[in-house]
Amino acid sequence: MKTLIKNGKVIDPSQKIEKKMNILIDGKLIKEYPGNIKELEKRKDLKVIDANKLVVVPGLIDIHVHLREPGFEHKETIRTGTLSAAAGGFTSIACMPNTDPINDNASVTDYILLKARTEGIVNVLPIGAITKSEEGNQLAEIGEMYKAGCVAISDDGMPVTNSNLMRRAMEYVKAFNLPVIVHAEDTYLSDDGVMNEGKTSTMLGLKGIPNASEEVMIARDIFLSELTGTDLHICHVSTEGSVRVIREAKKRGVKVTAEATPHHFLLTDEEVYNYNTNAKMNPPLRTSKDVKAIIKGLKDGTLDVIATDHAPHSEDEKNVEFDIAPFGIVGLETALPLSLKLVEDKILTISQLIEKLTINPANIVNSDKGTLKKNKVADITIFDPKEEYLIDKNNFYSKGKNTPFQDWKVRGKVKYTIVSGKIVYKN
Amino acid sequence: MEFKRKNIISIAELSADEILHILDTASSMKEVTSRNMKKVPTLKGITVVNLFFEPSTRTRSSFEIAEKRLSADILNFTSSQSSVVKGESLSDTAKNLESMGASIIVIRHPMSGAPWVLARETSASIINAGDGRHEHPSQSLLDLFTIRQVKGKIENLNVLIVGDILNSRVARSNINGLLKLGAKVKLVGPGSLVPDYFEQPGVKIFYNLEKALEDVDVIIMLRVQKERKSLEYFPSIREYSRFYGLTGENLKIAKNDVTIMHPGPINRGVEMTSEVADDSRSVILEQVTNGIAVRMAMLYLTASWRSNNL
Numbered sequence: 004m005k006t007l008i009k010n011g012k013v014i015d016p017s018q019k020i021e022k023k024m025n026i027l028i029d030g031k032l033i034k035e036y037p038g039n040i041k042e043l044e045k046r047k048d049l050k051v052i053d054a055n056k057l058v059v060v061p062g063l064i065d066i067h068v069h070l071r072e073p074g075f076e077h078k079e080t081i082r083t084g085t086l087s088a089a090a091g092g093f094t095s096i097a098c099m100p101n102t103d104p105i106n107d108n109a110s111v112t113d114y115i116l117l118k119a120r121t122e123g124i125v126n127v128l129p130i131g132a133i134t135k136s137e138e139g140n141q142l143a144e145i146g147e148m149y150k151a152g153c154v155a156i157s158d159d160g161m162p163v164t165n166s167n168l169m170r171r172a173m174e175y176v177k178a179f180n181l182p183v184i185v186h187a188e189d190t191y192l193s194d195d196g197v198m199n200e201g202k203t204s205t206m207l208g209l210k211g212i213p214n215a216s217e218e219v220m221i222a223r224d225i226f227l228s229e230l231t232g233t234d235l236h237i238c239h240v241s242t243e244g245s246v247r248v249i250r251e252a253k254k255r256g257v258k259v260t261a262e263a264t265p266h267h268f269l270l271t272d273e274e275v276y277n278y279n280t281n282a283k284m285n286p287p288l289r290t291s292k293d294v295k296a297i298i299k300g301l302k303d304g305t306l307d308v309i310a311t312d313h314a315p316h317s318e319d320e321k322n323v324e325f326d327i328a329p330f331g332i333v334g335l336e337t338a339l340p341l342s343l344k345l346v347e348d349k350i351l352t353i354s355q356l357i358e359k360l361t362i363n364p365a366n367i368v369n370s371d372k373g374t375l376k377k378n379k380v381a382d383i384t385i386f387d388p389k390e391e392y393l394i395d396k397n398n399f400y401s402k403g404k405n406t407p408f409q410d411w412k413v414r415g416k417v418k419y420t421i422v423s424g425k426i427v428y429k430n
Numbered sequence: 282m283e284f285k286r287k288n289i290i291s292i293a294e295l296s297a298d299e300i301l302h303i304l305d306t307a308s309s310m311k312e313v314t315s316r317n318m319k320k321v322p323t324l325k326g327i328t329v330v331n332l333f334f335e336p337s338t339r340t341r342s343s344f345e346i347a348e349k350r351l352s353a354d355i356l357n358f359t360s361s362q363s364s365v366v367k368g369e370s371l372s373d374t375a376k377n378l379e380s381m382g383a384s385i386i387v388i389r390h391p392m393s394g395a396p397w398v399l400a401r402e403t404s405a406s407i408i409n410a411g412d413g414r415h416e417h418p419s420q421s422l423l424d425l426f427t428i429r430q431v432k433g434k435i436e437n438l439n440v441l442i443v444g445d446i447l448n449s450r451v452a453r454s455n456i457n458g459l460l461k462l463g464a465k466v467k468l469v470g471p472g473s474l475v476p477d478y479f480e481q482p483g484v485k486i487f488y489n490l491e492k493a494l495e496d497v498d499v500i501i502m503l504r505v506q507k508e509r510k511s512l513e514y515f516p517s518i519r520e521y522s523r524f525y526g527l528t529g530e531n532l533k534i535a536k537n538d539v540t541i542m543h544p545g546p547i548n549r550g551v552e553m554t555s556e557v558a559d560d561s562r563s564v565i566l567e568q569v570t571n572g573i574a575v576r577m578a579m580l581y582l583t584a585s586w587r588s589n590n591l
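These protein sequence lines map, in sequence, to chains A and B. Counted the way the numbering used here counts, the first sequence spans residues 4 to 430. Counted the way the numbering used here counts, the second sequence spans residues 282 to 591.
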């Protein structure tokens, strides 16, 4: 079976391609097509996708997703989470280990990958825990998880407070060449805070999380990466100070990469007014000064990746007092159109944006995806950059409807998501 | 003037005119409470629920007396703090109370913003009797009422709020109310309890009580809130009292006719000496009396919105 994607505007930052061209998929792989399309199109077994006026890019990769299975299937399952990914144009997603049981050993990794193979729609790349039960006391069996298929390690929302243990983890992963991914937060400084610390939290009487809570931990982990030489990836950067520290570290040649989420470059803590729990996430929404710094960081390359931190919760869990509502929002089905605003606002070129959604995240987790090079697996996303619509959570494939972007007018609609040569989503 | 609010949740959302309207209404209510026959039939047939998720004696009693004087049917619903996390969701509680015919819900809750959850989930009117560290509108309104009664005005007065500003809903409501009515506000307390974020036009922050007391017309002392972990923010009650306790001595720095207020209950010997608490310029008990009139006004205005709009 062959598929021809014709007349699309192909953007592949991994090969610095940005031009109108055709792509041929043969079976699971991307192939070069013979010069004459007319000849090709006569073949009966050829499927043709007319991508005229559409943009064709390597399948998007999100390296920060919570799939919730096993353990929290009422929030999301591997099935619904990967459906949501496909609808958002993501062909590969890396899932954080904070499931129940926690992905801190190979049998959980095996379970996730088995579920992904049998019920999943897109590629699932599991991330293993750094420490057993994410408790920060003892290293998890990282080697076993690597063998089972984990692409990185992270304790995500439960940052390792013991600096010495963090150092050991960074040294230990060298044998497997795994990156260490950190949700940087000094939980003592956060002190049970529920939103950004500032004027808004003061007005609302909500406990604040200061910028420093993130910044001191990023600084620590950068120095530990320098000490150990291990690749460090920093999740969801939210503050101006964090961007500054990372920029400086990169200049010194530290092996650090970093991501930003659409909500952190589009929203401020004023969203929390009226105690809107769909504006509650960790790290919290910050101020316009921080938003500007993140945008600048995306522009100058300090921030390499756009990730969603897709964190589905049920409506009942969110419809409570702000203090006890869980942190997090969904993001897979809104990330692409929200990120395209950066192109519309001339902050990034379309190619720079796609780079942050494809080859950059792929490189961080040492994946050979994120490219349209020939003979690579055909993971491809096709979208209409012009189509305008209102975000409607009721249309989400995700079980989570917890989004602060309901009714936002956006541009950019996914038309086809192709995984291993097969169309898994079509709109 | 018609009261245009279904709920009274925060001072922040009220305009100066609305605040004055409540205070004026409270004046007529005070007249009612000074009669021999203290009861009026205004809220007859209306069910008011006192929904308290936090231990409270004075605020709850004060609301209850206010409701009784207005002839409301009263349902007291008290729940411990732990059940907030474990038990029925607030939204379900709200729907249950509504099904029982509650028209007005007076809520006290340990978490900021909880009244908004109720307001979203029911058609009952919500009166906030204190939510977390956010606001305590009835306390602020009775403070403003008392200041106006003693000083004859609020505009241009220098009002000093002393103590744990960070964790105080009384402070937040009072800062909002005092600024709206044209007073100047000073805040003083340990640096760990008076964050810079409170600074805004009309508000000045001090860390030294003696300096802050200069030229002050009104002092509002805040309670050291042991249940809000005040002790994590300063070394000891003894040291706190030494630097931020009001005494006969440092009180001399303020204006001679300074008015001393406290939302209660007082920790004698901590926030203030007994000498100060019992000073002739202390209006702490007058605040308690006025609290009933102010709460009657809040209930009355909310109920009148309901009869005009539903």
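Just so it is clear, CB atoms sit at the ideal spot from N, CA and C, and this is done for glycine as well. All values derive from a computational prediction rather than experimental measurement.
Item	Value
Per-residue contacts from M284(A) into chain B (C-beta, under 9 Å)	Result: empty, since nearest Cβ-Cβ is about 16 Å, beyond 9 Å.
Own chain residues within Cβ distance below 8 Å of E138(A), not counting five before or after	M161
Residues of the segment 290-323 of chain A whose Cβ lies closer than 8 Å to any Cβ of chain B, in chain order	D319, N322, V323
Chain A within 8 Å of S361(B), Cβ atoms only	no
Opening and closing residue of the beta strand (DSSP E) in which L32(A) lies	32-34
Where T328(B) falls: helix, strand or coil (DSSP)	strand
Against chain A: residues of the segment 401-426 of chain B by CB proximity under 9 Å	R401, E402, D412, G413, R414, H415, E416
Cβ-based neighbour list, N108(A), same chain, cut-off 6 Å, excluding 5 preceding and 5 following	E144
Closer than 8 Å at the beta carbon, the chain B residues around M206(A)	A293, R453
Which residues DSSP lists as bridging H266(A), in chain order	The partner list for H266(A) (beta bridge, DSSP) is empty, contrary to what the question assumes.
6 Å CB neighbourhood of V427(A) in its chain, flanking five on each side removed	A89, I124, T420
P61(A) - DSSP class collapsed to helix/strand/coil	strand
Contact with chain A by G472(B), beta-carbon distance below 8 Å	no
Residues that DSSP places opposite G131(A) in a beta bridge	I156(A)
Member of V564(B), P546(B), R401(B), E530(B) whose CA lies at the smallest distance from the CA of P336(B)	P546(B)
Buried versus exposed call for H77(A) [16 or more other C-beta atoms within 10 Å across all chains shown]	exposed
Same chain only: Cβ atoms within 7 Å of L351(B), ignoring 5 sequence neighbours per side	V321, T323, L324, M577, L580, Y581
Length of the line joining the Cα atoms of N431(A) and V176(A)	Since the first and last residues shown for chain A are 4 and 430, residue 431(A) lies out of range.
Under the three-state DSSP convention, the category N220(A) falls into	According to the sequence shown, residue 220(A) is Met rather than Asn. M220(A): helix per DSSP, three-state reduction.
Reference P213(A); option with closest CA among I105(A), N369(A), S245(A), N140(A)	S245(A)
Selection from T203(A), L269(A), N277(A), G304(A) that minimises the alpha carbon distance to E251(A)	G304(A)
Any chain B beta carbon closer than 8 Å to L86(A)	no
Three-state secondary structure (DSSP) of E358(A)	helix
As assigned by DSSP and simplified to three states, the class of H67(A)	strand
8 Å Cβ cutoff met for I388(B) and A410(B)	yes
For K485(B) and D158(A), the rounded distance between their alpha carbons	43 Å
Nonlocal neighbours in the same chain, by C-beta distance under 7 Å from E218(A), ignoring five residues either side	T242, G244, S245, V248
Those runs of the alpha helix (DSSP H) which lie wholly inside the segment 327-400 of chain A and span at least 4 residues	338-347, 353-360, 362-367
Minimum length 3: unbroken beta strand (DSSP E) runs contained in the segment 169-255 of chain A	183-185, 235-237
Residue from D195(A), T352(A), K56(A), I64(A) with nearest C-alpha to G388(A)	First, the residue type needs correcting, since residue 388(A) is Pro and not Gly in the sequence shown. Ranking D195(A), T352(A), K56(A), I64(A) by Cα distance to P388(A) puts K56(A) first.
contact_flag[the segment 359-369 of chain A, the segment 385-402 of chain A] where n(CB pairs < 8 Å) is 3 or more	no
Close-in-space but distant-in-sequence residues of the same chain around T352(A) (CB under 8 Å, 5 per side omitted)	V346
Own chain residues within Cβ distance below 6 Å of A222(A), not counting five before or after	V248
Opposing strand residues paired with E21(A) [DSSP bridges]	I14(A)
Reduced DSSP category for Q568(B) - H, G, I as helix; E, B as strand; rest coil	helix
Residues from the segment 380-397 of chain B in contact with chain A, defined by Cβ distance under 8 Å	H390, M392, S393, G394, A395, W397
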